[in-house]
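Residue numbers (this note's numbering): 84 to 350.
Rendered as structure tokens:
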């Protein structure tokens, strides 16, 4: 069974909600990425979303764009990200989703990338610029390799397209709780519960909600209606603030643990 499926099945059995955390691979360096992944699992993270740095990250806000720049500056490449996943996998069974742009896969060769991702221990791919209508060949290769295609649903997504995305996705659905790029926000959208309900009308997959969630209180609010909460920019901000500080891993893991406690308290 795919590790994502196993984790959500376990959460469902225990009556708990999940926490998904995003970090940029190679920020500040790949050894830190490995250490953070292991610390996050101990802190209560259910799925690790690992951004593969790209020079033109159009869907990302400034915080994650800067993380991508730091990752590129540290020499991070798609093959090195996969090596890091394999290193994590030697010590951990935390589900891992790669968040990336299709161009990175295409450069390496889509089939080769998927095969090597599967060998490394990747569980899902969230390909930001590959719409489901154009993803047949890629999806088939992913399913054959045991990797889930994870898709985004936005507040502006029409219902017929939500239905299409729900048919094509596996693992979980990722609802983007506001329009625009990634980043933190002061207030959550009041439409989140209604949109989660609309998505659930078309799928039995878990629904994760992200984009803009930055505090334990916000995570707690979202966990009241979603199956999982995604936190990215707030964690990346902590990494940027600490940089090469020797306490980076312990401090960021401490913040993530506060998010996990908030999410689980709804269970």
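A virtual CB, placed ideally from N, CA and C, is assigned to each residue, including glycine. The structure displayed is predicted, hence computed values, not measured ones.
- As DSSP reads the structure, residue 112 sits in no beta bridge.
- Closest by C-alpha distance to residue 273, out of 285, 292 and 88, is 292.
- Beta-bridge partners of residue 210 (DSSP): 183.
- Closest in C-alpha terms to residue 348, from the list 333, 336, 308 and 174, comes 308.
- The C-beta distance from residue 233 to residue 211 rounds to 10 Å, too long to meet the 8 Å contact threshold.
- Distance check between residue 236 and each of 250, 225 and 227 places 250 closest, using alpha-carbon atoms only.
- By alpha-carbon distance to residue 102, the top candidate from 195, 178, 246 and 222 is 178.
- Around the CB of residue 333, fewer than 16 other CB atoms lie within 10 Å, so the residue is classed as exposed.
- The straight-line gap separating the alpha-carbon atoms of residue 129 and residue 93 is approximately 10 Å.
- Inclusion of residue 231 and residue 253 in the CB contact set at 8 Å is warranted, their separation being smaller than that value.
- Pairing residue 170 with residue 164, the inter-Cα distance amounts to about 10 Å.
- Secondary structure note for residue 311: its beta strand (DSSP E) is the uninterrupted segment 311-314.
- Here DSSP, grouped into helix, strand and coil, assigns residue 337 to helix.
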